[in-house]
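> One structure, as structure tokens, below. Some questions next.
Number of protein chains: 2
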Amino acid sequence: MKKHNYSAGPCILPQEVFDKSAQAILNFNDSGLSLLEISHRSKDFVAVMDEARSLALELLGLEGKGYQALFLSGGASLEFLMVPYNLMKENGKAAYLDTGTWASGAIKEAKLFGETVVVASSKEQNYNHIPKGYTVPTDADYFHCTSNNTIFGTQMKDFPSLEMPIVCDMSSDIFSRVIDFSKFDIIYAGAQKNMGPAGTTLVVIKEEILGKTARVIPSMLDYAKHIKAESMYNTPPVFPVYASLLTLQWLKNLGGIAAIEKINNAKAALIYAEIDRNPLFKGASAIEDRSIMNATFLLNDEAHAATFDALWKAAGISGLPGHRSVGGYRASMYNALPLESVQVLVDIMKELESKV
Amino acid sequence: MKKHNYSAGPCILPQEVFDKSAQAILNFNDSGLSLLEISHRSKDFVAVMDEARSLALELLGLEGKGYQALFLSGGASLEFLMVPYNLMKENGKAAYLDTGTWASGAIKEAKLFGETVVVASSKEQNYNHIPKGYTVPTDADYFHCTSNNTIFGTQMKDFPSLEMPIVCDMSSDIFSRVIDFSKFDIIYAGAQKNMGPAGTTLVVIKEEILGKTARVIPSMLDYAKHIKAESMYNTPPVFPVYASLLTLQWLKNLGGIAAIEKINNAKAALIYAEIDRNPLFKGASAIEDRSIMNATFLLNDEAHAATFDALWKAAGISGLPGHRSVGGYRASMYNALPLESVQVLVDIMKELESKV
């Protein structure tokens, strides 16, 4: 049966990424060797890393603008401490916007390094919206935000214009919509949503912001050392980087971010229209802040849950239950999820309406 | 043509690991989904992580002895700072044995945290042997050593008995020989030699040594947090962990470490006998410290290099050149390299002798 994979991450990737990466494990570049058994310093893998780094910048429109792309490991959670290590001055100050579980995790780590001002938070409303109208202290070393909140289904539509470096965790919506990425000084993203499998983290850095803290930074946490080593300071996560390159190539061949944004908008329009139309359902997040990646919604009457769950499971849908902190359902519609899968879900929602 | 892969790491893995992991990318556990697109919280992947953790302890003979196994990311290089973060007291002291490039890298990071005593070093002799007869200060918070030095082809045959915690970087010889692993309090190893592909790091910790430094540890660097989260504090590197599990299963089916040690000893005996017998070659490291994983050797007359290089390349051998800091050749004979491949190399060395 055809599967419709709504997993919130790690998540669906293009079929050609599965096919090509499986083939590379059996015989990489027709070398007679597996991708898993070659040196990361081999010409073939250095070419993979170089292309992944330059393609990431190309897709984001950041080539030739003073940015460097790194494929690190440790996940976005390691960036939570690398950011203050690299940007917060001794006795300095950082400003954070608290929009969800991951933003809150980043704040917790920053507090270990110095004064961390939370400029606004929607925690009291269970993060059901993006705070607006906040003020960022002008003496902060940087401002940190999270562009998309997977768990709560909210997404920042506007980003502040500030004199200080802006850092954004784009783990769950990078490469999904057109933004002026040059507004940001550091963008980081765990690969396992729109970029590849779990195991690598893209970090895009405007080089000129580094080296200003006077802080002693352990080597593995030092962005400057990773840039100098061309993202090979130590053995990189070879397979995750390769599969990420394949995913970025797929996106480029599709027409880049502008092309996928149209598809993503169509998917989001389809599901949200049904959520708003169907009297059995309601959206979980503020309408103006709805994420085009993760649509969170609830049944108005929990008594229909068993019937609904049986229907979508029978249709080959997986990964639909919402996170325990919101409940209900979450339709994660990352880049590789086809519009057809959203139509299947919408049809099931209509079918439920006709049955109850 | 049959390949003989002497890559120093990432390196050869068992063919069944390539076959099974490629299949899991196409259809994992017959679920109709790729291993790359499922949630790390799914029942199927939680089972992978649990089995990998318990099988690592089982193979090391450490089950039920107060140890925990973690599959982290960041590589052994991230452990260079996690070890002092977790074990070195504020105003404490650590003792390190300097046996090569990676030991030296670990020392450099420890120095950022506090007094770091280098108890002995073979650096002046280009790390061609393992220092012996050193004294470890009894007031050190821990002692750190590196069991095998990939670049220089040396290996520790004995480990000191000490009252303090002993930490060992076993990246390049873990699971290759029988040792009383319960002598150690932390063992860490990047996967990409005997355990799996690049992208995950095994850390084995005797739990009772944690929580004694009064140091504030960022979450991602805190062993206790990773243990509490059962190695899922954040999204783990799914594919590298799965391929590592397959490699550990292969080793268990083969008969475990005792069985592979016999094969490894046979491979090492074969190559070193030829290095010592063949008048064209000489070993690069002290005989009593020779590594059974990495045999380093040189031509007595560089004039024969072009002929030798042509011969081994024609025989399907790859990855044989030595590291630039030693020169010559390095035959890396990790667990998955068959004895047959060593025989091919030895035959080429004999052929060279007959030709010149």
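Protein chains in written order, with full-length UniProt numbering: chain A, 1 to 356; chain B, 1 to 356.
Each residue gets a CB set at the ideal place from its N, CA and C atoms; glycine is no exception.
1) Since L112/B meets chain A, which of its residues come closer than 8 angstroms, beta carbon to beta carbon?
2) Taking the straight line between their C-alpha atoms, what separation do you get for A259/B and G92/B?
3) Taking the alpha carbon of T138/B as the point to measure from, which residue in S122/B, N234/B, E163/B and C145/B has its own alpha carbon closest?
4) Closest to R277/B by CA distance: which of L299/B, N264/B and I263/B is it?
5) Just to confirm my understanding: we take M170/B, look at its own chain, exclude 5 residues before and 5 after, and list those with CB closer than 6 angstroms. What are they?
6) When DSSP labels each residue in this structure, what does K65/A get in the three-state scheme?
7) Using a beta-carbon distance cut-off of less than 8 angstroms, what residues from the segment 234-258 of chain A approach chain B?
8) Assuming I217/A contacts Y85/A (C-beta within less than 8 angstroms), just tell me the rounded distance between them.
9) When you compare each of D289/A, S341/A and D309/A to S122/A by their alpha carbons, which one comes out closest?
10) From the DSSP output, in three-state form, read off W167/B for me.
11) For the alpha helix (DSSP H) that contains G264/B, what are its first and last residues?
12) Mind listing the chain B neighbours of E109/A? Cutoff is C-beta to C-beta under 9 angstroms, in chain order.
13) Does G211/A have its Cβ less than 8 angstroms from a Cβ in chain B?
14) Which residues mark the beginning and the end of the beta strand (DSSP E) in which N194/A is found?
15) If you follow the beta strand (DSSP E) that D98/A is part of, which residue opens it and which one closes it?
16) Does the Cβ-Cβ distance between T150/B and G9/B come in under 8 angstroms?
17) Hey, T307/B and V17/B: beta-carbon distance below 8 angstroms or not?
18) F71/A CB to nearest chain B CB: under 8 angstroms?
19) Within 8 angstroms of any Cβ in chain A, is that where the Cβ of H4/B sits?
20) If I measure Cβ to Cβ from K3/A and keep anything under 7 angstroms in the same chain, skipping five residues before and after, which residues do I get?
21) Mind listing the chain B neighbours of L13/A? Cutoff is C-beta to C-beta under 8 angstroms, in chain order.
22) Using 8 angstroms as the threshold, is the segment 218-232 of chain B in touch with the segment 62-80 of chain A, meaning 3 or more CB pairs across them?
23) If you compare alpha carbons, which of D19/B, A331/B, V178/B and L280/B is closest to S7/B?
24) Check distances from the C-beta atoms of the segment 332-352 of chain A to those of chain B and list, in chain order, the residues that come in under 7 angstroms.
25) With a threshold of 8 angstroms between beta carbons, is A8/B in contact with chain A?
26) Which of the three DSSP states, helix, strand or coil, is assigned to S54/B?
27) From T101/B, V326/B, R177/B and K212/B, pick the residue whose C-alpha is nearest to that of M88/B; which is it?
28) Could you tell me whether the Cβ of Q155/B comes closer than 8 angstroms to any Cβ of chain C?
29) Buried or exposed: which applies to Q192/A, given that a residue is buried once 16 or more other Cβ atoms fall within 10 Å of its Cβ?
30) Less than 6 angstroms between C-beta atoms, sequence neighbours within five positions excluded: which residues of the same chain meet that for V167/A?
31) Just how far apart, CA to CA, sit E230/A and R41/A?
32) How close, in whole Å, do the beta carbons of R177/B and I292/B come, if the pair is a contact with beta carbons under 8 angstroms?
33) Report the option in A198/A, F181/A and M195/A whose CA atom is closest to the CA atom of I205/A.
34) Answer yes if the segment 47-61 of chain A comes into contact with the segment 95-102 of chain A, meaning at least three C-beta pairs across the two stretches below 8 angstroms, and no otherwise.
35) Just curious, the beta strand (DSSP E) that E109/A is in, first and last residue?
36) In the DSSP assignment, the beta strand (DSSP E) including V117/A goes from what residue to what residue?
Walking through what the data contain:
1) V216 and P218
2) 41 angstroms
3) E163/B
4) L299/B
5) S147, I187 and A189
6) coil
7) N234, T235, P236, P237, V238, F239, P240 and A243
8) 5 angstroms
9) D289/A
10) Looking at the sequence provided, one finds Val at residue 167/B rather than Trp. V167/B: strand per DSSP, three-state reduction.
11) Looking at the sequence provided, one finds Asn at residue 264/B rather than Gly. Taken as a continuous stretch (DSSP letters only), the alpha helix (DSSP H) holding N264/B covers G256 to R277.
12) P218, S219 and M220
13) no
14) Neither: N194/A is in no beta strand (DSSP E) and is coded neither H nor E.
15) K93 to D98
16) yes
17) no
18) no
19) no
20) G316 and S318
21) S34, L36 and E37
22) yes
23) A331/B
24) none
25) yes
26) helix
27) K212/B
28) Annotation note: the requested chain C is absent from the structure, which comprises protein chains A and B.
29) buried
30) V83, Y142, H144 and I186
31) 12 angstroms
32) 7 angstroms
33) F181/A
34) no
35) No beta strand (DSSP E) contains E109/A, which is instead part of the alpha helix (DSSP H) from T101 to A110.
36) E115 to S121
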